[in-house]
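To keep things clear, I will list the structure first and then write my remarks on it.
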Amino acid sequence: RDEYNPYAAHREVGTYNSYSPPSLKVPLIMAGIGIGSVLLFSAIGLAVPSAAFVGTAIGGLIGSALMMWGGIRLLMNAFEDDPITGVLYLMCGPYAIYFLVSRWSINQHPFLINLLGSLVWIIAMAAGAANTLIK
Numbered sequence: 014r015d016e017y018n019p020y021a022a023h024r025e026v027g028t029y030n031s032y033s034p035p036s037l038k039v040p041l042i043m044a045g046i047g048i049g050s051v052l053l054f055s056a057i058g059l060a061v062p063s064a065a066f067v068g069t070a071i072g073g074l075i076g077s078a079l080m081m082w083g084g085i086r087l088l089m090n091a092f093e094d095d096p097i098t099g100v101l102y103l104m105c106g107p108y109a110i111y112f113l114v115s116r117w118s119i120n121q122h123p124f125l126i127n128l129l130g131s132l133v134w135i136i137a138m139a140a141g142a143a144n145t146l147i148k
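Structure follows, in structure tokens:
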């Protein structure tokens with residue numbers, strides 16, 4: 014029952030401190046704000062062209078922030094595991110995939126935050142491109 018858990022390293026003797034990943038509530042709210050602003054400003058951008066740029070910028074920034082949040086958290090997980098693991102994670106792409114899959118219990122939420130940021134960013138760029146083509 015005693016599986017590897019880097020977050021349980023500071024537990025008291027005789028107690029079992031199970032790891033619970035952070036909530037996805039804040040990233041989901043951020044993604045909702047990003048996608049909502051992209052859609053709202055893109056619709057307004059049909060009448061006022063400069064508004065579409067504002068929506069694309071807001072969505073792109075929020076998407077980039079979410080991708081950075083997830084990526085930095087994945088990197089922190091790698092270095093918390095072992096410094097060599099962290100360096101391998103940075104320098105070797107196949108090892109990064111292996112680390113993500115082999116330690117899915119601790120990497121699940123940062124990976125999902127990263128994917129959510131990618132989705133927001135792609136929607137923002139697609140809306141910006143569509144608004145440019147419509148003009």
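So in our numbering, the last spot in the sequence shown is 148, and the numbers never skip.
Ideal placement from N, C-alpha and C gives every residue a C-beta, glycine not left out.
Helix, strand or coil at residue i [DSSP, three-state]
| i | result |
| --- | --- |
| valine 133 | helix |
| alanine 118 | Checking the sequence shown, residue 118 turns out to be serine, not alanine. Helix, per DSSP. |
| leucine 37 | coil |
| leucine 59 | coil |
First through last residue of the alpha helix (DSSP H) which encompasses residue i
| i | result |
| --- | --- |
| aspartate 94 | 62 to 94 |
Cα-Cα separation between residue i and residue j, rounded to whole angstroms
| i | j | result |
| --- | --- | --- |
| phenylalanine 54 | leucine 103 | 37 Å |
| isoleucine 75 | alanine 60 | 24 Å |
| phenylalanine 124 | isoleucine 46 | 20 Å |
| threonine 69 | glycine 141 | 6 Å |
Beta-carbon spacing of residue i, residue j below 8 Å
| i | j | result |
| --- | --- | --- |
| alanine 143 | glycine 72 | no |
Per-residue burial, residue i [other beta carbons within 10 Å of its own, 16 or more giving buried]
| i | result |
| --- | --- |
| serine 63 | exposed |
| leucine 129 | buried |
| isoleucine 42 | exposed |
| methionine 89 | exposed |
| proline 107 | exposed |
Residue i beta carbon near the ligand SAM (any heavy atom closer than 7 Å)
| i | result |
| --- | --- |
| proline 123 | Because no ligand of any kind appears in the structure shown, any question about the ligand SAM cannot be addressed here. |
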